[in-house]
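Under my numbering, the first residue of the sequence shown is numbered 402, with each subsequent residue one higher.
In what follows, a structure is listed as structure tokens, so that the remarks can point back to it.
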Amino acid sequence: MRIVLLGPPGAGKGTQAQRLAALIGARHIPVGEIVRSEIAAGTPLGNQIREYNDQGELVPDDLIVQLLLPIVVNERSWVLDGFPRTCGQADALDAILTETRTALDAVVALDIPDDLVIARLSGRLQSQATGRIYHTLDNPPPADDPGPFVRRADDTPEHIARRLEVYHAESEPLEAYYAERGLLRQIDATGSIDAVTAAIISALQPPASNTPARKDATGDQTAQKRASDEVT
Ligand code: AMP
């Protein structure tokens, strides 16, 4: 399956994309992480994109597409977390899919209000040992994670405000873009991690058929059973 996850920073895209990818046997493509490792590696492309990332701005479409193209083309099944973030990037993704004769299965949008985003990102901590994400108040690091625990450089109040502004201006229009194509599934992302995962899985199930279950050609499995197995 090929799935895109949309949502503002702090909506839980990374956590949910990782879980979903494991459940459906797809590759998780965490675009923000890929951007940060490219910068840390000091490659020519990394040096070009550093300044945008440091300011909480989006990396220009052509550079982000250059970074992701090989990964998206070489994997058959993926969950894209953080791409596309502009309609230009969505057009570029469409072109890649057309060229590789593949298509998106669904686009999942995680909905969460700005005040909750600010509360989540202001307390976010990442373990340098395990990469796990915690929160100073809601989900403090457990004793078995040695840390150290660091805040992301772009999780300051000014950067959070700017990233939200960029999200509303550049990325939110993608919901209409994919709704028009019949791909959008909107999910309330304010609940617990497990509740959001369950809502995503349920939204990805094919619509129940009104016709009674039929035996398929092999006679041992119904068409409805096959359809429900696609996601779980
Ligand atoms: P994230 O970890 O998803 O919040 O992304 C961190 C930063 O990486 C963003 O603030 C952007 O600078 C950059 N970035 C990630 N994904 C994209 C994208 N699809 N388009 C442009 N810039 C991106």
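We put the beta carbon where it would ideally sit given N, CA and C, even for glycine.
All figures in this text were calculated on a predicted structure; none of them were measured in a lab.
Where does residue i fall in DSSP's three states?
i: S523; result: helix
i: Q460; result: In the sequence under discussion, the amino acid at residue 460 is Val, which differs from the Gln named in the question. Three-state result, V460: coil.
i: Q587; result: strand
i: S478; result: coil
i: I513; result: coil
i: L605; result: helix
Going by CA-CA distance only, name the one from the options that's closest to residue i.
i: D506; options: Y579, P409, L469, G592; result: Y579
i: P574; options: A491, A442, L446; result: A491
i: H429; options: A412, L446, L406, R437; result: L406
i: E434; options: Y568, S593, Q419; result: Q419
Leaving aside the five residues before and after residue i along the sequence, list all residues of the same chain whose C-beta is less than 7 Å from its C-beta, in chain order.
i: Q449; result: L464
i: E362; result: The requested residue 362 does not occur in the structure, where the chain is confined to residues 402 to 633.
Tell me which same chain residues have a C-beta within less than 8 Å of the C-beta of residue i, skipping the five on either side of it?
i: N454; result: V436, R437, I440, V460, D555
Over what stretch of residues does the alpha helix (DSSP H) that includes residue i continue unbroken?
i: R437; result: 432-442
i: R563; result: 558-567
i: A422; result: 414-425
Cβ-heavy atom distance between residue i and the ligand AMP below 8 Å?
i: F550; result: no
i: E458; result: yes
i: I465; result: yes
i: T537; result: no
i: E576; result: no
i: Y453; result: yes
What does a CB cutoff of less than 6 Å around residue i pick up in its chain, not counting 5 residues either side in sequence?
i: A504; result: L498
i: Q622; result: Unreliable placement is indicated for Q622, whose pLDDT of 40 sits below 50; the coordinate value is still reported in the next sentence. So the list is empty, once near-sequence residues are dropped.
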